[in-house]
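Asks:
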Amino acid sequence: MIFISHVKKIVGTGILCAGLAACATGYSQSTRFEIRAASLTESPDWQKANLLDDPGTTVYIAPEVLLDNADVAQANARKDLGGQVLVIIQMTPAGTIRMGSASRVLLRQRMAVMINGEVLTAPVVSAPLSGNRFAITGFKSFEEAQQAAEGIAPGK
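Numbering-wise (our numbering), the sequence shown opens with residue 11 and increments by one.
#1: Check whether the segment 97-109 and the segment 54-63 are in contact - that is, three or more C-beta pairs closer than 8 Å.
#2: Thinking ILE99 and PHE144 are a contact (beta carbons under 8 Å), I'd like their distance in whole angstroms, please.
#3: How would you label ARG118, buried or exposed, when you count the other beta carbons within 10 angstroms and need 16 or more for buried?
#4: Which runs of the alpha helix (DSSP H) at least 4 residues long sit entirely within the segment 80-129? Give them in chain order.
#5: To the nearest angstrom, report how far apart LEU91 and ALA158 are at their CA atoms.
#6: Are ARG114 and VAL69 touching if we call contact CB-CB under 8 Å?
#7: Rank ILE162, ILE146, GLU153 by C-alpha distance to the C-alpha of ASN126 and give the top, closest one.
#8: Could you tell me if PRO65 is buried or exposed, where buried requires 16 or more neighbouring beta carbons within 10 angstroms of its beta carbon?
#9: Just to check my reading of the structure: VAL95 and PHE43 have Cβ atoms closer than 8 Å, yes? What is that Cβ distance to the nearest angstrom?
#10: Who does ILE71 pair with in a DSSP beta bridge?
#11: Give the straight-line distance between the Cα atoms of GLU160 and LEU50, rounded to the nearest whole angstrom.
Below, the structure is given as structure tokens:
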């Protein structure tokens with residue numbers, strides 16, 4: 011499983027924590043989940059945004075969506091052994107291929123994790139990703155994680 015971490019890196023077997031505590035609580039029944047290329051340098055046609063996990067930091071987000079809700083097979087709220095709340099995202103076969111390809115193309119570059127159009131974090135891809143799962147952490151409560159998972163899950 012892959013996780014997104016506040017350390018600003020995505021690694022093949024590391025942790026990907028999206029810092030969702032910075033988001034407003036209460037997700038709609040349909041939560042827009044996207045992963046896009048990102049940069050700290052302005053690029054033509056890229057959208058300017060602020061990082062929720064690093065207030066004051068501006069990033070530029072590519073218009074192309076690399077992964078979204080359609081690539082999600084399941085999304086479930088859980089607590090790990092330490093009690094940390096997270097959402098486990100299991101990708102479809104196509105999503106797994108897309109995420110692997112994106113992580114190879116974006117090696118040593120940033121990848122933005124977005125929910126409802128807000129950039130939660132934009133870690134640097136330090137190794138190609140493999141596997142069909144990753145987790146997002148940083149929720150204020152299990153209920154908040156559950157709402158996000160229900161909105162991200164397919165069919166919403």
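Using N, Cα and C, we set each Cβ at its ideal position, and we do this for glycine too. Note that the structure is predicted; figures quoted are calculated from it, not measured.
Replies: So, from the listed chains and residues:
#1: No, the segment 97-109 does not touch the segment 54-63.
#2: For a cut-off of 8 Å, the C-beta gap from ILE99 to PHE144 is around 6 Å, short enough to register as a contact.
#3: Label assigned to ARG118: exposed.
#4: Residue ranges of uninterrupted alpha helix (DSSP H) with 4 or more members, entirely inside the segment 80-129 and ordered along the chain, are 103-115.
#5: Each residue's alpha carbon lies about 21 Å from the other.
#6: In this structure, VAL69 does not lie closer than 8 Å to ARG114 by Cβ.
#7: Ranking the options by Cα distance to ASN126, first place goes to ILE162.
#8: Its Cβ having fewer than 16 others within 10 Å, PRO65 is exposed.
#9: Not really, about 17 Å apart at Cβ, beyond 8 Å.
#10: DSSP output for ILE71 lists ALA48, GLN57 as bridge partner(s).
#11: Taken atom to atom, the span from the alpha-carbon of GLU160 to that of LEU50 is near 31 Å.
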